[in-house]
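So in this note's numbering, spot 80 of the first sequence is number 80, and the numbers just go up one at a time.
What follows is one structure encoded as C-alpha cells, with my remarks underneath.
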Amino acid sequence: MKIATYNVNGIRSRMPRLLEWLDETKPDVVCLQELKSAEENLPVADIRAAGYGAVWHGQKGFNGVAILARGQDPVEIHRGLEGEPEDEHSRYIEADVGGVRIASIYLPNGNPQPGPKFDYKLRWLKRLQDRARAILAEEVPAVLAGDYNVIPTDEDVFSVQAMQNDALMQPESRAAFRTLCHQGWTDAIRTRHPVGPVWTFWDYQMRGWERDAGFRIDHLLLSPQAADRLVDANVDRDHRGREKASDHAPTWVTLRDL
DNA sequence: ATGGCTTTAAAATAAAGA
Numbered sequence: 001m002k003i004a005t006y007n008v009n010g011i012r013s014r015m016p017r018l019l020e021w022l023d024e025t026k027p028d029v030v031c032l033q034e035l036k037s038a039e040e041n042l043p044v045a046d047i048r049a050a051g052y053g054a055v056w057h058g059q060k061g062f063n064g065v066a067i068l069a070r071g072q073d074p075v076e077i078h079r080g081l082e083g084e085p086e087d088e089h090s091r092y093i094e095a096d097v098g099g100v101r102i103a104s105i106y107l108p109n110g111n112p113q114p115g116p117k118f119d120y121k122l123r124w125l126k127r128l129q130d131r132a133r134a135i136l137a138e139e140v141p142a143v144l145a146g147d148y149n150v151i152p153t154d155e156d157v158f159s160v161q162a163m164q165n166d167a168l169m170q171p172e173s174r175a176a177f178r179t180l181c182h183q184g185w186t187d188a189i190r191t192r193h194p195v196g197p198v199w200t201f202w203d204y205q206m207r208g209w210e211r212d213a214g215f216r217i218d219h220l221l222l223s224p225q226a227a228d229r230l231v232d233a234n235v236d237r238d239h240r241g242r243e244k245a246s247d248h249a250p251t252w253v254t255l256r257d258l
C-alpha cells in the first residue's frame, strides 16, 4: 500500500500536474494540502474520473486538505482538531482506508515569529498531539501525513543560517514535533534515509529549485502497527522540476499488505 | 531587512505562503 502526501499549492491550478502524477505513480492513498479552494469549486468529478474516491475539507482562498483513495471511498472519521472552537482553518481531515487510519495535515506556517501566527502554530501542534495520542490508543495502523511546516533538525535544511529566524525551525516548533514523535510515531522518511538531505520543498523565490536550496517539512508519521509494515519511503523529486510545479514534491511511504 | 515567486480573490492591489 503506497500512501503519499502532496502539498499542491492550489489544486485547480495544479490539476494537470496532479493527474499526471496520479497516473504515473498510482498511489493507493493521497493526502493533499493547500487546496486553496472553496468546497463548491473543488474538482471532485475530475478526481473521481481519475479513479479516486475522496473526502474533502476545502476553504476559500487558502488552506484546505483532502484524502484520496484509489478505487474506493475513504470513510471520514474526523475533521478539524479539538481545543479551539473559534478556529475555522481547514487544516485537518482523518479517514479510514482499507484498514489504515489516515490523517491529512496542513500545519500553520507560523511566520512571522514571534507573533500571533507563531502562537497559533504552537497551539495547533499541541492540539495535534492530543489527537495523535487518541489515535495511538486505538492501536491501529495509522499514518499522519502532511505539510508539518517544521524542519525537524539542522540536517533537514539547506542553510541553517538562512533559515535561523524562520518559524519552521524555531526550538519551540522542533520541540513540539519531537514530543509528537516521542509518543510512539516513526518518521518514515528519516527511518529509510537516516542521514543527509531529503528535501520535500524548494522555494519559488531565489531560484530555490535550481540551487537545490530546499528543506524537509512534509512528513509521514507511522503508528507502531504501521511502522511494523514499513517497506520504503521517498520523495518524487523530479515532479518539483516540471512545468507549473508546486513548490512541494510528493512524498510517500509503502506499507506491506497484511 | 524583506522576499526578488506563485496562487487566490477579484478587479488593482493584497494576503498568504515558507
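By construction, the Cβ of each residue, glycine as well, lies at the ideal position given by its N, Cα and C atoms.
Computed from a predicted model, the values in this text were never measured in an experiment.
Collapsing the DSSP output to three states places residue 188 in a helix.
Between the alpha carbons of residue 92 and residue 58 lies a gap of roughly 10 angstroms.
Here residue 173 is buried: its Cβ has 16 or more other Cβ atoms, across all protein chains shown, within 10 Å. Using a 10 angstroms sphere on the CB of residue 37, the tally of other CB atoms reaches 16 or more, which defines it as buried. Under DSSP, residue 6 shares a beta bridge with 32.
Three or more beta-carbon pairs separated by less than 8 angstroms link the region 68-85 to the region 46-54, which places the two stretches in contact. With respect to the 8 angstroms criterion, residue 108 and residue 149 are classified as neighbours on the basis of their beta carbons. Every beta strand (DSSP E) stretch that sits fully inside the region 54-84 and reaches 3 residues is listed by chain position as 65-70 and 75-79.
In the DSSP assignment, residue 251 is bridged to 5 and 235. Between residue 185 and residue 222, the C-beta spacing is below 8 angstroms. Taking 8 angstroms as the cut-off, the Cβ atoms of residue 113 and residue 176 do not count as close.
Contact check for residue 237 against residue 255 fails: the beta carbons are separated by 8 angstroms or more. Shown here for residue 247: same chain residues with a beta carbon closer than 7 angstroms to its own, the five before and five after excluded, namely 9, 201, 202, 203 and 204 in chain order. The Cβ neighbour count for residue 118, taken over all protein chains shown within 10 Å, is at least 16; the residue is labelled buried. Per the DSSP secondary-structure output, residue 150 pairs with nothing in a beta bridge.
For residue 85 and residue 101, the gap between their C-alpha atoms comes out near 24 angstroms. Bridge partners of residue 118 according to DSSP: none are assigned.
Per DSSP, the continuous alpha helix (DSSP H) segment holding residue 172 begins and ends at 171-182. Taking the Cα positions, residue 43 is about 29 angstroms away from residue 131. Residue 134 is classed as exposed because its beta carbon has fewer than 16 other beta carbons within 10 Å across all chains shown. Per DSSP, reduced to three states, the secondary structure at residue 140 is coil, with no helix or strand assignment. Around the CB of residue 41, fewer than 16 other CB atoms lie within 10 Å, so the residue is classed as exposed. For the set 103, 144, 27 and 241, the Cα lying nearest the Cα of residue 207 is the one of 241.
For residue 160, the enclosing alpha helix (DSSP H) starts and ends at 160-163. Ranking 106, 21, 211 and 95 by CA distance to the CA of residue 65 puts 106 first. Here residue 233 has 188, 189, 192 and 253 as same chain residues with Cβ atoms under 6 angstroms from its own Cβ, once five neighbours each way along the sequence are excluded. Leaving aside the five residues that flank residue 127 on each side, the residues in its chain whose CB is nearer than 8 angstroms to its CB run, in chain order, 81, 82, 83 and 84. Runs of the alpha helix (DSSP H) lying entirely within the region 191-233 and spanning at least 4 residues, in chain order: 224-227.
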